[in-house]
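Numbering (the working numbering), first residue to last: 487 to 752.
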């Protein structure tokens, strides 16, 4: 323990030590203050950086979320669009099938229409007059009329004169104004001549000459009248008929044959 004398002796040293200790304490406190300020600044800077990084990370996260949502929306839109495209393709396929069916139906309808038109034309052609040329004369005749005349003539050419006579009588009664009438009367008269029905043959030959004196068969009809009169032993009437033949149709072959026949009658 220090005595009073020792305290006096060491007082200056103690003051100097106290001053040094105070200075050291002060320096230590200042240094600690400076270190705390630097630490705070560093912490603040670190916090600012972390805040900035967090904000940036949040922005990036938000951007990523938005991009993800946009991608999801885009995928949904693409899926919807693909569905619409598939629907349109399906509709087009159905429409194509319908068009093909309609095309087939139209083609079939046109074919039926063509067949119907042809059938109608064929049916109408059986009734519509057609132009024919018989014995140098051209005229319009119904198909049925032509068929009946041709059928009667075919019977005559077979030598069936009885049935030919009946066929031509029926024809003349059915078609009295026909262009075939002069020729029908001529063949009717010949069929009657062949069956020795001379009187009726003369009547039909004369009717031919009456309705068609310029007909190509008219000179033959006059000659046939004379032949019928000869068969009937009416020589006087036959001679008169042959003379009239030479006067009416002097250039015809029938007139030349009539001259020969007239010479034999004398």
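Glycine included, each C-beta is placed from N, C-alpha and C at the ideal position.
Quick one, which of the options has its alpha-carbon nearest residue i's?
i           : options               : result
residue 666 : 735, 617, 722 and 740 : 617
residue 631 : 592, 619, 660 and 622 : 660
residue 684 : 658, 717, 654 and 705 : 717
residue 690 : 671, 697 and 705      : 671
residue 751 : 571, 584 and 724      : 724
residue 658 : 601, 748 and 638      : 638
residue 780 : 596, 547, 748 and 600 : In the structure displayed, the chain extends from 487 to 752; residue 780 sits before or after that span and is not available.
residue 701 : 688, 652, 727 and 668 : 668
residue 741 : 583, 706, 714 and 720 : 706
residue 739 : 704, 628, 555 and 570 : 704
residue 625 : 596, 663, 736 and 600 : 663
residue 621 : 575, 698, 614 and 565 : 698
Along the chain, where does the beta strand (DSSP E) that runs through residue i open and close?
i           : result
residue 617 : 616-620
residue 623 : 623-627
With residue i as the anchor, note down where its alpha helix (DSSP H) starts and where it stops.
i           : result
residue 660 : 647-660
residue 666 : Taken as a continuous stretch (DSSP letters only), residue 666 belongs to no alpha helix (DSSP H), as it is neither H nor E.
residue 715 : 704-717
residue 738 : Careful: residue 738 lies outside any alpha helix (DSSP H) and carries neither H nor E.
residue 681 : Looking at the DSSP string, residue 681 is not in any alpha helix (DSSP H), and its letter there is neither H nor E.
residue 726 : 721-734
Touch test, the region 677-695 against the region 709-725, Cβ-Cβ under 8 Å, three pairs minimum: yes
Unbroken stretches of the alpha helix (DSSP H), 4 residues or longer, contained in the region 568-595: none
Continuous alpha helix (DSSP H) assignments of at least 4 residues falling wholly in the region 520-547: none
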